[in-house]
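When we follow my numbering, the leftmost residue of the sequence shown carries the number 282, and every step to the right adds one.
Just below is one structure, and these are the notes that go with it.
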Amino acid sequence: EVQMADSVATVKYYCLTFLIAAVVTTLLDVAWINLFVLPQYQPMVHAVQGASMGVRPLPGLLAYLFITLGVTVVTPKDQLRPFRETLFAALFGLVVYGVYAWTVCALLAKWSIWVAVGDTLWGPVLYGVSAFVTSFISYRCGVRPPTPLLACDASDRGRYSNMDDR
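Below is the structure:
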């Protein structure tokens, strides 16, 4: 079991959870894209840009980097309450994908509203499932988040001097 008493352990925690989340989000998203998105996107992209859709590797890699950062760093860590952690990750995914989907729909006249709806709904699934699976795997491997990152309720506040109300 990894003890989170120092900065080395904190870095180790984030590196391990980042790697787990990167694999999980990539597998989920590639499956989603191949099964559901490509048939919808290909004709719309062709109508918008006048050419077939193609993947540019560097922007694609950067997109997955940001998704993984969102799952591992931005959403709160609470392995003791996995439903809460999953819910916050799903909400974050809803916001991220909703902003993307509806911005594209607002700017591109030939973009389908139904694709925007699908993208918006996919965000919470991707982020929620990724956070849950990442937390589950890391917990089973003995990797714990740094103590101050664990969500606390009112009864825990006295334990952590840096968690007082401000």
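C-beta: ideal position from N, C-alpha, C; glycine also.
Only a predicted model underlies this, so the values are computations on that prediction, with no experimental measurement involved.
- Message: Can you tell me where the alpha helix (DSSP H) holding I348 begins and where it ends?
- Response: One-based indexing of the sequence shown puts residue 348 at position 67. Its alpha helix (DSSP H) spans residues 338-350.
- Task: Ignore the nearest five residues each way along the sequence and tell me which others in V396's own chain have a CB closer than 6 Å to its CB.
- Result: The sequence position of residue 396 within the sequence shown is 115, counting from 1. Q321, listed in sequence order.
- Query: Is the beta carbon of A312 sitting closer than 7 Å to the one on V352?
  - Reply: Along the sequence shown, one-based indexing puts residue 312 at 31. Along the sequence shown, one-based indexing puts residue 352 at 71. At a Cβ-Cβ threshold of 7 Å, A312 and V352 do not count as neighbours.
- Item | Contiguous beta strand (DSSP E) assignments of at least 3 residues, all confined to the segment 378-437 | Qualifying beta strand (DSSP E) stretches: none in this window.
- Query: Could one say the Cβ of A328 lies closer than 7 Å to chain C's Cβ atoms, at least one of them?
  - Reply: The chain inventory of the structure shown lacks chain C, comprising one protein chain alone.
- Message: I'd like to know whether the C-beta atoms of L407 and G374 end up nearer to each other than 7 Å.
- Response: By 1-based counting over the sequence shown, the position of residue 407 is 126. By 1-based counting over the sequence shown, the position of residue 374 is 93. It is a contact, given that the beta carbons lie within the stated cut-off.
- Item | Closest by C-alpha distance to C386, when choosing among V292, V329, T291 | Against the sequence shown, residue 386 aligns to sequence position 105. If we check each option's Cα against that of C386, V329 comes out closest.
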